[in-house]
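Numbering (the UniProt record's numbering), first residue to last: 1 to 204.
All residues carry an ideal CB built from backbone N, CA and C; glycine is no exception.
Note that the coordinates shown come from a computational prediction; the quantities given were computed from them, not determined experimentally.
So the structure is just underneath, and the comments pick up after that.
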């Protein structure tokens, strides 16, 4: 992932994703040179902090020139209207956090963006799926509901029940009920086997 943000925010991001083994590199927003553009083009996700919508046109132009297919997570700071930002950038592969987003929301948004989801700045963050991956054959055969497919995908990328609940705007108890249903339908014994089948692999 590449982050266009202030140094302290970059440091916080590196700490947040340390356990995921997620490599994060910092890019200077004021130096859109060739090396920076080449780095953007190879990124899995771009994290872009904004303090004002006035910054948007030049940054969008840079992203569209250097990395038009790379998912972008926009992180508006306090005073930057997240809903207005969403209306201006809404497109497949683009996500917008709430200005007051905490660590769980940031982590969910980045991990889901990497998997092809878009996240809107709602009070409870809810994913849209314009470029979401096709469910694995095992999940289709198990006749999972749409909600169960969402949760199985979230389990696959390593989110906890608490993180899934916050992301989908439902209670942890409801997530647990859905996970139990997924286990039964897949004939799986644990979350690891859900993740394997969601990845298209057979559990042993």
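Apart from the five residues on each side of it in sequence, which residues of its chain come closer than 6 Å, Cβ to Cβ, to residue i?
i	result
residue 175	161, 164 and 165
residue 5	49
residue 187	none
residue 157	111 and 115
residue 75	49 and 97
residue 29	4
Can you give the beta carbon distance from residue i to residue j, rounded, assuming they're within the 8 Å contact cut?
i	j	result
residue 110	residue 45	6 Å
residue 205	residue 98	In the structure displayed, the chain extends from 1 to 204; residue 205 sits before or after that span and is not available.
residue 53	residue 80	6 Å
residue 43	residue 67	6 Å
residue 47	residue 1	6 Å
residue 95	residue 73	5 Å
For residue i, which three-state DSSP category applies?
i	result
residue 13	helix
residue 3	strand
Tell me whether residue i, by its Cβ, gets closer than 8 Å to a heavy atom of the ligand NAD.
i	result
residue 184	Among the components of this structure there are no ligands whatsoever, and the ligand NAD is therefore not found.
For residue i, which residues of its own chain have a beta-carbon under 7 Å away from its beta-carbon, when the five flanking residues on both sides are left out?
i	result
residue 16	103, 106 and 107
residue 57	none
Can you name, in chain order, every residue of its own chain whose Cβ lies under 8 Å from the Cβ of residue i, other than the five neighbours on each side?
i	result
residue 133	The predicted model places residue 133 with a pLDDT of 43, which falls under 50 and marks its position as unreliable; any figure quoted below should be read in that light. Cβ within range, chain order: 115, 116 and 153.
residue 194	152, 155, 156, 179, 182, 183, 186 and 188
residue 69	93
residue 78	99 and 100
residue 10	3, 24 and 26
Report yes or no: is there a C-beta of chain C within less than 9 Å of the C-beta of residue i?
i	result
residue 46	Included in the structure is just one protein chain, with no chain C present.
> Do the segment 78-85 and the segment 145-158 meet, that is, are 3 or more Cβ pairs less than 8 Å apart?
Replying inline: For the pair of segments examined, the segment 78-85 was found not to touch the segment 145-158: the number of CB pairs separated by less than 8 Å stays below three.
>> Give the list of continuous alpha helix (DSSP H) stretches no shorter than 4 residues that lie fully inside the segment 35-118.
In response: With a minimum length of 4 residues, the continuous alpha helix (DSSP H) runs that stay inside the segment 35-118 are 56-66, 82-89 and 103-114.
> In the UniProt domain "HTH luxR-type" (137-202), which residue ranges form an unbroken beta strand (DSSP E) of at least 3 residues, counting only runs that do not cross its ends?
Replying inline: Taking only runs of at least 3 residues, no beta strand (DSSP E) segment lies wholly in the UniProt domain "HTH luxR-type" (137-202).
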